[in-house]
Every structure is written in C-alpha cells, then in structure tokens.
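Just so you know, the sequences run in chain order R and A.
According to my numbering, the first sequence is numbered sequentially starting from -11.
According to my numbering, the second sequence is numbered sequentially starting from 24.
Yeah, the Cβ is synthetic: ideal placement off N, Cα and C, and Gly gets one too.
First the structure, in the form of structure tokens, and then the observations on it.
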Amino acid sequence: MAKSDVKLIGAWPSPFVLRARIALNVKSVEYEFLQETLGSKSELLLKSNPVHKKIPVLLHHDKPICESLIIVEYIDEVWASGPSILPSDPYERAIARFWASYVDEKWFPAMKSIAVAQDDEARKAAVVQVAEGLALLEEAFQKISKGKSFFGGDHIGYLDIAFGGFLGWLRVTEGTGGIKLLNETKTPGLLKWADDFAAHPAVKDVLPDIGKLAEFSKVIVAKMRAAAAAPAK
Amino acid sequence: MAEVKLFRTWSSPFALRIVWALKLKDVPYDTIFEDLANKSSLLLQFNPVHKKVPVLVHNGKSVAESFVILEYIEETWKHNPLLPEDPYDRATARFWAKFGEEKVLLSIWEAFNSEGKEQEECIVKAKENLKYLEEELKGKKFFGGERIGFADIALGWLADYEGVFEEVASMKLIAEDEFPLLSEWKRTFADAPIIKENWPPRDKLVIKFQAIREASLLKKLGN
Chain R
-11 MAKSDVKLIG
-1 AWPSPFVLRA
9 RIALNVKSVE
19 YEFLQETLGS
29 KSELLLKSNP
39 VHKKIPVLLH
49 HDKPICESLI
59 IVEYIDEVWA
69 SGPSILPSDP
79 YERAIARFWA
89 SYVDEKWFPA
99 MKSIAVAQDD
109 EARKAAVVQV
119 AEGLALLEEA
129 FQKISKGKSF
139 FGGDHIGYLD
149 IAFGGFLGWL
159 RVTEGTGGIK
169 LLNETKTPGL
179 LKWADDFAAH
189 PAVKDVLPDI
199 GKLAEFSKVI
209 VAKMRAAAAA
219 PAK
Chain A
24 MAEVKLFRTW
34 SSPFALRIVW
44 ALKLKDVPYD
54 TIFEDLANKS
64 SLLLQFNPVH
74 KKVPVLVHNG
84 KSVAESFVIL
94 EYIEETWKHN
104 PLLPEDPYDR
114 ATARFWAKFG
124 EEKVLLSIWE
134 AFNSEGKEQE
144 ECIVKAKENL
154 KYLEEELKGK
164 KFFGGERIGF
174 ADIALGWLAD
184 YEGVFEEVAS
194 MKLIAEDEFP
204 LLSEWKRTFA
214 DAPIIKENWP
224 PRDKLVIKFQ
234 AIREASLLKK
244 LGN
C-alpha cells in the first residue's frame, strides 16, 4: 500500500495522536505524518474533522476517521493480517474497552486537574484521585496481563495503547510535581509496564522526548489554568 | 436460570440501549431492577468501579458501560448485526454514537438544568450539535441506513426522553421546521418494532425529571 494512501494529521505532544501512531506501527503501516503547527489548524484538519476540529485524524484513501480510539479500532480491522490490537475473545475485548473508557473519562480528567489546580490543597486532592485511579489500573493490569509484560500479554494491545498514550504526560506530571505516581510500593506492575512499553519498537520512536514535553507542558498548562480560572459567563 | 442478566433501572436511558440490543437480537435475558438509592450487593460486586447501571452479566461475567456492552453483545450474538461490515462505516457509526454522548447529550442536559439567559445560551449550543445530526441523516432513514444500527441505539433517547426534557424545562430544541430529518427520524425510531414496546411510562418520566430539574436549579441558587 502506497505511503500516500495513509496519512495521519497530528502533533507530536498529543497523547491521542500517539495512540494512532503506535497502532499504525504495530501493523507496520507506512504513513505520512502531517504535523499541525501548534496554535493553528490547517485547512485539511478543518475539512477532515469539521465536527471537532481536533487531532488525530487518520486519512485512508482520503477518507477521514476521527477520535483516537475509533482510529485504533479501524486500524485493527483494516490491517487484520498484522498483529491483533484487540484480543479475539469478546469478553476480553470488553475488559480492554472498559478500561480504555475509564482512562479517558475518569483518569485523564483527574490528571488534568493536577495541572490546573489553583492551589496546593486542590493539587493534593487531584493527586489523590489520580493515585486511586492508578491503583485500580494496577489491579486491572495484574488480572489482565496474567504475568506477561503488557495488558495485551506478550504483545502490546488496545489497552496498552489507550493508557500508554498518556505515559509521556504521566512522566512530565511526576517530574513537575516531584511525585512518583508509578512506584514500587503501590504500582509495581505498572512501573515495569511503563518501561517495557516505552522501550517497545512500536513506541520508542514516537514517544515524545520527556524534556521537550516538559517544556511544552509549561505553555499548555498556563493556557489550561487561565481557562480554568476565567470567570464563568 | 437465564445465562444473561441485565441490571437496570426503569428509567435509565443508558440501560434501555441494552434492552433494545438484546431484544433486536432475540437474546433471552433476566432483568434485575435496581434502586440506585439502595444498590444491591450484586450490582456493587459486578460493577465495583462505577457502581452504575447498566451492567450485563453473561455466564457470570460482568460487562459495564453501555457502549462497551453494546459492542460485546454485537460480537457475542452475531445475527441482526448492529454495526455494518465495512470498517469505515463502523468507524462512522462509532463516531456518531460518541458525538451523541459527549456533545449532544451533555449540551441538552445543560440546557435542561438551567433557566433564563443561561438556558438560552445552552440551547444555542445544543442546536449547533443537533445540526450535525441533521446533516448526517441526509438520504437516510436511520443513522444506520435502512435499518436501526449502533448509532441509532446510542442516540435513541432523543426520540423520547428528549421530548420529556423539552416539556419539563419549557424549551424547544428539535422543531419540525429547523430539524425536519431529525424530527422524522424521532418518529420512525420511536415507533419501530421493539423500540416502541419498551419506552418507560412518559408520565412517570416527567415526574422524575421534574424533580431532577428542580433539585439542579435549587443547587445553582445555593452557589
């Protein structure tokens, strides 16, 4: 398949874009990465995702697919001959989807709360929430991985990709806050998983450089905090 | 003992999606009605993370979150498919289901729980979202095409509950002239076999949502 058949509109810091890139890498799909200029949205992005105007957008034969986890499932279904991203058993697929949904709807918003916390008390409360979420994810990891390296077993799968997309931001949050969210006492499984995931061939070349991400996060967090502190209309 | 159990409440629109999916696929199941003010130990055991309905229990194994349950049902009972075969069409169905949940439902719920100027602004936002649904229905009977599909089930609450929200909150969102296709879809979906037999009693819904709205508005005044 020609490289130009598959394009991904994205940006290097986005955890959602990262999910799509890892999925494409798992399937060894060659694609053109169309990097958006931060702070502005290209014509192509606006045309391809008029509803949300957000990245990532996968363009396959010029047809757009939006929403990171929907893109990951699409990649899994189209390139079916490559290594499977979702497990084959319906119940295991449900478990993977359940936890991916948890990460998006509960855990990541709590992570963002750490960043936008207006004072120490709020920050501490947010950290507690994130830690509780990680405890649940640790328990899930122990059950799902069955002693193997990844949620997907020997290979990275849907939940590794869904959660792993946030690994860079998790590391930046740890660094900025001087906190160890993943640690040997509370999350030994995830602690090891994080290293294995980051080192995985499908991940290591697209995982953002933590130093670069930390610098970038300062800009983004400032924007988020300004938006959060703005008086309600 | 049936191997499929559904934990639900009489009023939950999320649980209703599962009722539709199971019945559309002819899957026999037992219903366990929950009182969310007094959750059963079984519910807490089967959905410890969220402690919510719906929960599907199949051969003793539980699945929670309505969209996750719908995909599980689709993959386990393959007849009368809810999703198309083509991956692009599947992605499209999932996209609209997610849009319905994250944008449409949220914006209508905000309009429902507000009044005066604030409600007017919420209504503007809600209608912007509804316009996308109107666009998507062009040339189609259902979001799924000729037959009810995944997106119709995800959006199905619009065909009944939304009317209740409009009545209780004294607002008009889906007007015939502004949203002709959506208005027609509402009628077609609400009246479809299986769907029409399973709507909860409207008068009870009105009472329930009146109480919810009053509580919300009261809470806002207290801030």
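E20 (chain R) is bridged by DSSP to R:K(-5). By the Cβ test, the stretch 54 to 67 of chain A is not in contact with the stretch 52 to 65 of chain R, since fewer than three Cβ pairs between them sit closer than 8 angstroms.
The residue from A:N82, A:L153, A:R117 and A:L105 with its alpha-carbon nearest to that of E199 (chain A) is A:L153. Sequence-ordered contacts of the stretch 44 to 76 of chain R with chain A read H48, K51, I53, C54, E55, I58, I59, E61, Y62, E65 and V66 [C-beta pairs closer than 8 angstroms]. Its Cα nearest to that of A114 (chain A), the residue R:H48 stands out among R:Q106, R:H48, R:R81 and R:V91. Scanning R:L122, R:E65 and R:A103 for the CA closest to the CA of V91 (chain R) turns up R:L122.
The C-alpha of Y155 (chain A) lies about 7 angstroms from the C-alpha of V39 (chain R).
Secondary structure of V86 (chain A) (DSSP, three-state): strand.
Counting the other Cβ atoms within 10 Å of the Cβ of D175 (chain A) gives 16 or more, which makes it buried. Rounded to the nearest whole angstrom, the CA to CA distance from Y146 (chain R) to E190 (chain A) is 42 angstroms. Within the stretch 117 to 195 of chain A, the complete alpha helix (DSSP H) runs of at least 4 residues fall at 129 to 135, 139 to 159, 173 to 178 and 184 to 191.
Within the stretch 104 to 167 of chain R, the complete alpha helix (DSSP H) runs of at least 4 residues fall at 108 to 133, 146 to 152 and 155 to 165. Comparing alpha carbon positions, the residue from A:L66, A:V78, A:E57 and A:H73 closest to I41 (chain A) is A:V78. For P52 (chain R), DSSP records a beta bridge to R:L47. For K211 (chain R), the uninterrupted alpha helix (DSSP H) segment begins and ends at I198 to A217. Residues of chain R whose Cβ lies closer than 7 angstroms to the Cβ of Y155 (chain A) are, in chain order, V39. H81 (chain A) and V27 (chain A) do touch by the CB rule: their CB atoms are close to 5 angstroms apart, below 8 angstroms.
Taking the Cα of V147 (chain A) as reference, the smallest distance to any Cα among A:E158, A:K242, A:L47 and A:E133 is reached at A:E133.
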